[in-house]
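Single-structure report; data block below.
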Amino acid sequence: MQTQPDPFYIVGIGASAGGLEAISELLEPARANDPYAFVVVQHLDPNHDSLLAELLDRQTELSVRQAEDGTVVQVGHVYTIPPGSGLRLEQGVLRLEPFEQPRGLRRPIDDFFESLARDQQNRAICVILSGTGSDGSVGLRALKEYGGLCIAQDASARYDSMPNSAVATGLVDFVCAPGEVTDRIARYRNVDPAVVSAAEAVPVSGTLAEICAALRQLTGHDFGNYKRSTLERRIQRRMQVVELTDSLKYLDKLNSDPQEAEALLGDLLINVTKFFRDKDHFNQLREEVIAPLVAGATADREIRVWVPGCSSGEEAYTIAMLFDDEMMRTGKTVPVQVFASDIDERMLEIARAGRYPISALLDIPETLRDRYAIGREGSFQLNLRLRDMVRFSCHSLIKDPPFSRMDLISCRNLLIYFDDKLQSKVLPLFHYALNSEGFLFLGPSESIGRVEELFEAVSSKARLFKSTGGRSPYPVEFSGSPSKPRVSPRRPVARLNYDDSEWKSDVAKNRIIDIYAPPTMQLGRDGAILATTGRLSRYIETDPAETGQDFAQSVARPGLRESLSALLRSANQDGKRKMARDVEVISETGRQRVDVVADPLPDETILVVFRDRAPFEAISEEEFDEITPSESHVQVLEAELRATRSRLRMTVEELETANEELKSSNEEMMSMNEELQSTNEELATVNDELKSKVEELSQVNSDLRNFFDSDVNALITVDRKRRLRNFTEGASEVMRLRQSDRGRPINDLQFNVDTPAEIERQIEATLSGDEARPVQIRSGDGAKVWSLSATPYRSADNKVDGVTLIFTDVTEAFMLERSLAREAERVRLAVEVAQIGIWSLDPASGLIEIDERTARFFGEESPGIYSAETLLERVIESDRSQVWSAVTTAAAGGEEYDATFQVSLPSGKQMHLRGMGRMVSEPDAQRMIGLSVDITSEIENERMRELMLREMNHRVKNLFSIVSGMLRIASRKAETPRALVEDVTQRINALARSHDLARARRDGAKIALEELVRTTLSPYQLGDTVDIDGPPCAVGAEKLTSLALILHEWSTNAAKYGVLGPVAGRLQLRWSVVDDKKVTFEWNEIYDETLKASSTPSTPGFGSTLVQISAAQIGAEVTEDVTETHRTYRIAFDADEDI
Amino acid sequence: MTQMKTFEAGTCEQTCRILIAEDEAVVALDLQLMFEDLGARVIGPCATVRGALAEAQREMPTAAVLDVMLADGEVYELADLLYAAGVTILFHSGHADARELLQRYPEARLCPKPAIPSDLESKLDDIVRPQQPPGA
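Chains as they are written, first to last, in numbering that gives the first Met the number 0: chain D, 0 to 1138; chain R, 0 to 135.
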């Protein structure tokens, strides 16, 4: 029984109506580190979820949860039973199991306590709190049998029926308020021998004898010859309950506290019994004993069975069932009486009620179950017929005189509690109590030991024995004098108190009595036959009408009958030995003369001894006739008496029948009452939960009211008939609403929105079961934008009963969205205009997503996701590593990526690109977002600019050289510095003008010859005297300087000496183009009057040298024709292409 | 004026022949006058590479003053020919890369445009004088 010490106790709490409060109180002082776990079992309505765990969790620091199948019970936790299931504990694991009984008959608390007891044994604790009914009281017993602790709630229980029922069993250890329970348990645990150190504890073993002595003194029951180990264990547990570790102190307590003796006695008498314990053995019993007994029985002789130590009666009922079933089988009806005895009145009460936990039902074979068991609330009761077969009485096997004339004694698992000495006294007693053919049925581990001569084995396996016949003498009191208990005994001593007899349980004496002693009867004062010995058939007969106890007067044979009545009366009156001499006893076969001695004994019985005076004489018919008349008077009286008795019996039977009916009506009433009670319990539990629910509901309701009152949410509900059902304050923005508008058709109401039709559409769509998509609706003035979503309004039975319209103010979001769209459009445009390509790189995977332009830059056909490597290959080799390292640096969080590089596309195209990028954190990943720009044209432009700069530089230097050369040349012939300066300045100006011409044109373009001419002549007043004419003709830039110098020379000359200067005349400038190839230009000065030859220089001077060289530079030829009337220069050069 | 006389006299006309390749007429004239002052005979001045090559094939000069960029392109074809013939070359150029030229023609001389007149004169003198006979 002692299990491996577990670190914690499991406390089962049974509660029902009014239990919530009590459980809360109980758990409130419990601490999470206490070495207990709690399992709460309640009667719950299987159709409702239980809020128990939730409600309790707020009350205690322990963690509370509803048990599930397979939940391992852990220390410091509270588990509650789920609705609709029973709860069971199996090796520390909670198991759910469906109820076997219909509602009203379920006893979940009993069921759990029983499993708790089996599983945890002495570490199981049960607590029974407020509740109606009696659930828990049966389970409690099991728990106690296994050594657990029982606590019940005191008068504080709101419904006291359940705790009271528990207390009534007498097995409850403590009765206290729920708040004290944990303290009680703690104190119980503090003296647990597994916890207490050995030094403190004084073991029971040392004081066992004293305790037994005290117990005998106090209760009258002697446990001295019980098995030590069982006694010690049970006393130890009792000590733990009263918080003692020292057995000497306990002895003191036992002596000083009468209650304690009662309690200990109760604990010691608890034993385990069940229906059909060892089924095979019972089968054998039926075969070997019951069947023959029934077969051999006659209706006038009842079969008598004794079950000593019956405890709660299961064994006795088992035997009764077997007899009844056997009778049913054979169709034979014989009276059977089962006497069941025990010394524990509480157990006897259970036994008499015949009511057992439902789990015990399984022990009964199915066929018998239906016949004898009646389902009750959580238990079953054996039917009345069976209960009437068994008589329970309080009787001590050890102390009280035995029953007698038994056909069968079944004493199973009682001897095991006795030591050898006691056993060897009890067995002859059984022999005495049995008929000569009687049977003894023992428990599987019990034997007849040293009294083999009294019994022979019928089946040693089934422990079935048969009396060897003869009769043991009436046994003397074995356990010393029957000292009167100080404590009032459980029952009044109903039986006569027989004194010691001379006869000893000695074989020799038995022999003498059986064979050599004269036939003897022991009679009660009223003549009832208590015991007989010897051959009595000549003196007494068996009356077939008599079923009750035999009385000597009635069974005595004619002749003896008259004398015996007088003899007994006389002996009773005087209390002295009397003798009737020479009585002639007449039997069917003959007559016998006899002396009859009546000897009143001190125990108020009378011994009747027959001494034969003469040999038996056989009688003839004639003689028989003679006798009869002399006896007729008595015969007639007796016949009348019998008839009267018979009538009386009939009346009694009728009464009994009526009584029976009343009883069964009562049964029905009781069971109805129980069902009502259990319903009431469930209702009370539901009520508790509903109260909590109402609280929560009012909380939710208040939330809802606040929600509707708030002006944040615009919400409108419409019923199926499109009438306004409800709305929130916030909805007044959407439509003008007053409280009185409730119930008005929605169409009558004025919506402050731009598209009221959309609202109706949403309502219709939702009512017809479509999923309406949210739409945007603007207020009438356009200042607000709402997102309208319509959801079906579902009634409690989930039918669409209307529509809920939710208006969410999305003005801000809408504005934001619009400005975002504008922004996006701007950005898109900028990107478009700037020809920017955009990409996004995932550095982890090396994949890059590119847009269309980037794709084009890198020579890919379409936008999409590419491997960065593919794109990198398009970068020319010299740039590649620099680009990649810039990218990886940026990806690693370094400098932002910015690189310029060249790509070489498969098409052969070369491009210059600039890439920029930076890491951005997105919720799911790190990405690099970047862009690419085509900078090819910029690069080209730059190169061009550089080229032009170089060119310009060259030209400028050239110009300087020219100026420097001109200066030097001029210095050769200048007469004065002023003339030098004049001369050179004019030439420089001419060059500058021609340079202007060149600069004004785009690079490489041609200059018209006429323009050049006019520019060159621009320093002079060109009046009518100058005639410029010729076809359009282009001059290349390379010829410009030379032609300008030539024209300059000619015009300065003309200004100094010719028509542009001192000489009057005309200047004719003509040119022509021959075959588009050759240009011929003519400078013709025509004088008005003939000049003197000297006035015009004809020798080649510096000017003409310059003209010659210049002409030579452009591959032209210059001819000069000077006369007195004119001066003509002609120059021919290659034509350039047309302008 | 004495220089002018020398020019007119043409003393070393036979011994010193200087090819001038220069597309700027004024500069070319300036150079021509300077060489003639020094008593050298000038071939050209030529404004084009083509023209200068033609002149050189007709009469190989003793020295040459070359502008790098001429009217019809760069002067290298001419320079190669002259250099191979051992003609003393003075590059008179505004944009030529001096290092590049010296790498190609280690013996050539350089006079960047625009030249300081005295510097140019002394350089021209240098290329004319070695060809003068000791008696002149």
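Glycine included, each C-beta is placed from N, C-alpha and C at the ideal position. Predicted model, so just to flag it, every value in this text is computed and none were measured.
Where does residue i sit, in a helix, a strand or coil, going by DSSP?
i, result
"D:Met405", "strand"
"D:Met915", "strand"
"D:Thr272", "coil"
"D:Leu148", "strand"
"R:Asp22", "coil"
"R:Gly72", "strand"
"D:Arg737", "coil"
"D:Leu787", "strand"
"D:Leu828", "helix"
"D:Val241", "coil"
"D:Lys662", "helix"
"D:Val74", "coil"
"D:Glu1119", "strand"
"D:Ala1134", "coil"
"D:Ile12", "strand"
"D:Ala461", "coil"
"R:Met59", "coil"
"R:Pro44", "strand"
"D:Gly18", "helix"
Based on the DSSP output, what are the partners of residue i in its beta bridges?
i, result
"D:Trp1049", "Its beta-bridge partners do not exist; DSSP assigns none."
"D:Gln925", "D:Ser920"
"D:Trp1082", "D:Leu1068 and D:Tyr1128"
"R:Asp125", "Paired residue(s): none; R:Asp125 is not in a bridge."
"D:Pro599", "D:Ile605"
"D:Val174", "D:Ala151"
Quick check on the burial criterion: 16 or more other C-beta atoms within 10 angstroms. Buried or exposed for residue i?
i, result
"D:Pro1030", "exposed"
"D:Glu822", "exposed"
"D:Lys1038", "buried"
"D:Met327", "exposed"
"D:Leu1140", "Here chain D comprises residues numbered 0 to 1138, so residue 1140 of chain D is not present and cannot be evaluated."
"D:Gly845", "exposed"
"R:Pro133", "For R:Pro133, the pLDDT reaches just 43, beneath the cut-off of 50, and the residue's location in the model is therefore unreliable, although a value from the coordinates is still provided. Exposed: under 16 other Cβ atoms inside 10 Å."
"D:Glu680", "buried"
"D:Ala422", "According to the sequence as given, residue 422 of chain D is Gln; it is not Ala. Per the 10 Å Cβ criterion, buried."
"D:Ala1148", "This structure gives no information on residue 1148 of chain D, because the portion of chain D shown stretches from 0 to 1138."
"D:Arg827", "exposed"
"D:Glu1048", "buried"
"D:Leu840", "buried"
"D:Pro905", "exposed"
inquiry  = If the cut-off is 9 Å on Cβ atoms, which residues from the stretch 944 to 967 of chain D count as contacting chain R, listed in chain order?
reply    = Arg949, Glu950, Asn952, His953, Arg954, Val955, Lys956, Asn957, Leu958, Phe959, Ser960, Ile961, Val962, Ser963, Gly964, Met965, Leu966 and Arg967
query = Looking at C-beta atoms only, is the number of pairs between the stretch 25 to 36 of chain D and the stretch 133 to 145 of chain D that lie closer than 8 Å three or more?
reply = no
ask   = Taking Cβ-Cβ distances below 8 Å as the criterion, which residues of the stretch 1028 to 1043 of chain D are in contact with chain A?
value = Absent here is chain A; the protein component of the structure consists of chains D and R.
key: Contact the stretch 698 to 705 of chain D vs the stretch 151 to 166 of chain D: 3+ CB pairs below 8 Å   = no
query = Given 8 Å as the limit, is there contact between the stretch 87 to 94 of chain D and the stretch 732 to 746 of chain D, that is, 3 or more CB pairs closer than that?
reply = no
key: chain D contacts made by the stretch 13 to 42 of chain R, where a contact means CB separation under 7 Å   = Asp22, Glu23, Ala24, Val25, Val26, Ala27, Leu28, Asp29 and Leu32
key: contact_flag[the stretch 204 to 223 of chain D, the stretch 59 to 66 of chain D] where n(CB pairs < 8 Å) is 3 or more   = no
message = Taking 8 Å as the cut-off, does the stretch 400 to 412 of chain D touch the stretch 307 to 317 of chain D (at least 3 CB pairs, one atom from each stretch)?
response = yes
Contact residues within the stretch 1101 to 1123 of chain D, judged by C-beta distance below 8 Å to chain R = Thr1104, Leu1105, Ile1108, Ser1109, Ala1111, Gln1112, Ile1113 and Gly1114
task = Tell me, please, whether the stretch 675 to 690 of chain D touches the stretch 162 to 176 of chain D by the rule of three or more beta-carbon pairs shorter than 8 Å.
result = no
query = Can we say the stretch 581 to 597 of chain D touches the stretch 548 to 563 of chain D, given the rule of at least three CB pairs closer than 8 Å?
reply = yes
inquiry  = For the stretch 1107 to 1116 of chain D against the stretch 37 to 47 of chain R, do three or more pairs of beta-carbon atoms, one drawn from each stretch, fall closer than 8 Å, so that the two count as touching?
reply    = yes
key: Touching by the beta-carbon criterion (3+ pairs, under 8 Å), the stretch 858 to 866 of chain D and the stretch 931 to 945 of chain D   = no
task = Indicate whether the contact test is met: 3 or more Cβ pairs, each with one atom in the stretch 1010 to 1020 of chain D and one in the stretch 1047 to 1065 of chain D, closer than 8 Å.
result = yes
query = Does the stretch 800 to 815 of chain D come close enough to the stretch 832 to 839 of chain D to have 3 or more Cβ pairs within less than 8 Å?
reply = Output reads no: the stretch 832 to 839 of chain D does not touch the stretch 800 to 815 of chain D.
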